[in-house]
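Protein chains in written order, with our numbering: chain F, 754 to 1021; chain P, 429 to 687. Right, one structure below, let's go through it.
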């Protein structure tokens, strides 16, 4: 079948029209099959979010930012416990999300602005709300959670660094002195340790001391084991009774006796 | 005399050429508004420009898309040690430059040259004078149908060439760099918006308007037989190419302010 020139031109134009629609769908400009709902989310600071930025519910991309505009909300928009600085949210983002995903978006859902990917793409992350909370309806306005101000953090760090520098400059003499003293102290400690390390006598004494300690702990262990035996328990009981019997007698004389005989040493 | 030959004469020639081009353009625009619309001629030229140029545009842009994607990937890998951004960069380049400039320059060479040769031959064989004798406006009969057909068909070929180039870029990314088609298309949306396509079509339409006006201007001013036709054709192609490139720069700069 041979097409006429007009038919060929028509076919070319039709193909282009289809391609244009495909491109439009691909780039998210339009989707005739999509059923979506839209909400308004307000922020004090949007952190670089743009029109077309994705919106994700529970980590899945389900929509995009349709429009961003500035507005002045009335007092009724603020929550009763909001501080005066929290009332004004001058940015309003119109976000559209698919109807299926909107089922999980409740009034207590949180709208975070997050950063993803190698190019640092900004997107809105919506956390699904609780069942108790009512659904967010089409066209409703909610308050988003402002992202952290990295720029502010940097400027505050600069401020802090400036203050530290000021303090150092003001107390330069004291700080230098303290550092010198610290240096001297560490040098002295070092010297002492070296001295200890070199001293042979200290080494032998220390070794002797450790040996004695080992022996003592060995003896104590044996004694404790014996005192736990039936015989030991009986002995201790008898001794306890004996001591209580002796109590009314001359305590000083008894104590002296025990001390003289060395019983205390052996028993305790 | 030297001053006249070196500066004044070319400057005067340039001013006269600008005046004539402006006259042809304004007369064509008036006909666009008032008519008569020669639908049959327009369709004939649309076929000649669009359908006739489709194969060369398709082949050239397909290879250009393949080469550019490979080059972007190579340099990205060498400099950044990653090829993750291929979709974004290649798509942006295709939508903003490659898919528009290549068909426009090809059409300058094909359609512009043929138009100048055709109109130039008519001029040297006094057919244009004959048209005037028959009370037929040469601009209405020769320029207007080409003008409309060229604007529509360059825009059409721009969209088609973008689609072909993008398909080849996706093929390279999928076959050579292990991207999936969906992954590519998903990344593409972060870099390209529908405005890019609109700007591309506008650029294509502007280039489409330039080609017949310049070609017909050189055709109308053709003198000296076959050699004159050859010279006029060469000058037409060179001038159109330069104007397309300069306009490309101006439009890119203008669109960069809104994109």
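Just so you know, even glycine gets a beta-carbon here, dropped at the ideal spot from N, CA and C.
Go ahead and pull the three-state DSSP assignment for residue 511 (chain P). In the three-state DSSP reduction, residue 511 (chain P) falls in the coil class, being neither helix nor strand.
For residue 755 (chain F), count the other beta carbons within 10 Å of its own beta carbon; 16 or more makes it buried, fewer makes it exposed. Which is it? With fewer than 16 other Cβ atoms within 10 Å, it is exposed.
Own chain, CB closer than 6 Å to residue 585 (chain P), minus 5 neighbours either side, in chain order: Sequence-distant Cβ neighbours of residue 585 (chain P) in its own chain, meaning closer than 6 Å and more than five residues away, are 485 and 531.
Quick check on the DSSP output: the alpha helix (DSSP H) that includes residue 574 (chain P) runs from which residue to which? 572 to 605
Sub-9 Å separation of residue 523 (chain P) and residue 630 (chain P) beta-carbons: The Cβ-Cβ distance between residue 523 (chain P) and residue 630 (chain P) does not fall below 9 Å.
For residue 889 (chain F), which three-state DSSP category applies? coil
My output table needs one value for residue 799 (chain F): the three-state DSSP class, helix, strand or coil. coil
Flag residue 816 (chain F) as yes if its beta-carbon sits less than 9 Å from any beta-carbon of chain P, otherwise no. Output row for residue 816 (chain F): interface = no.
Under 8 Å: does the beta carbon of residue 868 (chain F) sit that close to some heavy atom of the ligand GDP? Although the ligand GDP was asked about, the structure shown includes no ligands whatsoever.
Starting from the Cα of residue 623 (chain P), find the closest Cα among F:804, F:791, F:763 and F:789 and give me that residue. F:804
Taking the Cβ atom as the reference point for each residue, do residue 501 (chain P) and residue 612 (chain P) lie within a distance shorter than 9 Å? no
Just to confirm my understanding: we take residue 980 (chain F), look at its own chain, exclude 5 residues before and 5 after, and list those with CB closer than 7 Å. What are they? 989
Whose CA, out of F:813, F:812, F:814 and F:808, lies closest to the CA of residue 820 (chain F)? F:808
Proximal residues of chain F, C-beta to C-beta of residue 591 (chain P) below 7 Å: 772
Going straight from the alpha carbon of residue 482 (chain P) to that of residue 456 (chain P), what length do you get? 26 Å
Just how far apart, CA to CA, sit residue 637 (chain P) and residue 571 (chain P)? 10 Å
I'd like the list of long-range same chain contacts for residue 628 (chain P), defined as Cβ closer than 8 Å, with 5 residues on each side in sequence excluded. 523, 524, 527, 528, 586, 587 and 590
At 4 residues or longer, what runs of the alpha helix (DSSP H) sit wholly inside the region 432 to 505 of chain P? 437 to 462 and 467 to 474
Locate the beta strand (DSSP E) running through residue 819 (chain F), then write down its first and last residues. Counting along the chain, the beta strand (DSSP E) containing residue 819 (chain F) begins and ends at 813 to 823.
Give the C-beta separation of residue 857 (chain F) and residue 887 (chain F) to the nearest angstrom, bearing in mind that I take them to be a contact with Cβ-Cβ under 8 Å. Between residue 887 (chain F) and residue 857 (chain F) the Cβ distance is about 13 Å, and since that is not below 8 Å, they are no contact.
Drop a sphere of 10 angstroms on the beta-carbon of residue 917 (chain F), count the other beta-carbons inside from all chains shown, and report buried for 16 or more, exposed for fewer. exposed
So if DSSP puts residue 850 (chain F) in a beta bridge, which residue, or which two residues, is it bridged to? According to the DSSP secondary-structure assignment, residue 850 (chain F) is paired through a beta bridge with F:790 and F:816.
Taking beta-carbon pairs under 8 Å, can you tell me which members of the region 758 to 769 of chain F lie near chain P? 758, 759, 761, 762, 765, 766, 768 and 769
Under 9 Å between the Cβ atoms of residue 598 (chain P) and residue 609 (chain P)? yes
What residues from chain F crowd round residue 478 (chain P), counting only those whose CB sits closer than 7 Å? In chain order: 762 and 765.
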